[in-house]
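>
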Amino acid sequence: QKEVEQNSGPLSVPEGAIASLNCTYSDRGSQSFFWYRQYSGKSPELIMSIYSNGDKEDGRFTAQLNKASQYVSLLIRDSQPSDSATYLCAVLMDTGRRALTFGSGTRLQVQP
Amino acid sequence: DAGVTQSPTHLIKTRGQHVTLRCSPISGHKSVSWYQQVLGQGPQFIFQYYEKEERGRGNFPDRFSARQFPNYSSELNVNALLLGDSALYLCASSFSNEQFFGPGTRLTVL
């Protein structure tokens, strides 16, 4: 079992729709969760961090965390073609080592 | 404020050679982490340094080493390069939990 799992996609949504990206993690003691966006050929860009159960909103982005289910999600409202990228879920696991563990990413395609 | 900077941008080496990659963190950030990203995968943790001390090491062979300098910049060294070392090498700086990535160094080993 991978430590952080994501559906590789591609997830295709029409422009203006809500894109829903999901991630599960294995370490129940994990406390910090992050979403990064990575355009092709570029480095990951931090877009959201979440530490507590529930929702956290920032503009068109909403991160959702459910520690009991070991599940993190990212919602993108009013999706734009410029949102087309790979979205990486990252978890700071409870190992004492301050290293991020990443999923393989979900490729999102927003169709104009 | 300037973000994380890395050099060089691209590098081509042959098997058996060694390489040094450099990273300067965001001003005020004392922690630097190195990650390797191969195509189609998420970044894999290599090292983390904080205040010039190694704080963590990932599952990479001893051919990989790193250090952090008094100004918090960092170097990643890889010896005896293998074809499988071809990847995007990412440096991330952090002040607390959030890590911010530089543009990366694309290493190609022929």
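Here the protein sequences come in this chain order: Y and F. If you use this note's numbering, the first sequence closes out at 1306, no skipped numbers anywhere. If you use this note's numbering, the second sequence closes out at 439, no skipped numbers anywhere. For every residue, glycine included, the Cβ atom is placed at its ideal position computed from N, Cα and C. Predicted model, so just to flag it, every value in this text is computed and none were measured.
My understanding is that Gln377/F touches Arg351/F, with C-beta atoms under 8 angstroms, so please give their C-beta distance in whole angstroms.
That belief does not hold up - the Cβ atoms of Gln377/F and Arg351/F are roughly 16 angstroms apart, past 8 angstroms.
> Could you check the C-alpha separation between Tyr1233/Y and Leu1215/Y for me, to the nearest Å?
16 angstroms
> Put Pro1208/Y into one of helix, strand or coil per three-state DSSP.
Pro1208/Y falls in the strand class under three-state DSSP.
> Between Val1209/Y and Gln1305/Y, what straight-line distance do the alpha-carbon atoms span, to the nearest angstrom?
In the sequence as presented, Val is not what sits at residue 1209/Y; that position holds Glu. Distance between the alpha carbons of Glu1209/Y and Gln1305/Y is about 6 angstroms.
> At what residues does the beta strand (DSSP E) containing Lys1250/Y begin and finish?
1248-1252
> Taking the C-alpha atoms as reference points, what is the distance between Gln1274/Y and Phe1255/Y?
12 angstroms
> Roughly how many angstroms separate the alpha carbons of Lys1261/Y and Ser1226/Y, rounded to a whole number?
10 angstroms
> Going along the chain, which residues of its own chain have a beta-carbon closer than 6 angstroms to the beta-carbon of Lys381/F, five neighbours each way excluded?
Gln397
> Output yes or no for whether 7 angstroms exceeds the beta carbon distance between Pro1204/Y and Gln1303/Y.
yes
> Please state whether the Cβ-Cβ distance between His347/F and Arg435/F is less than 7 angstroms.
no
> Does Ile1212/Y pass the burial test, meaning 16 or more other C-beta atoms within 10 Å, or should it be called exposed?
exposed
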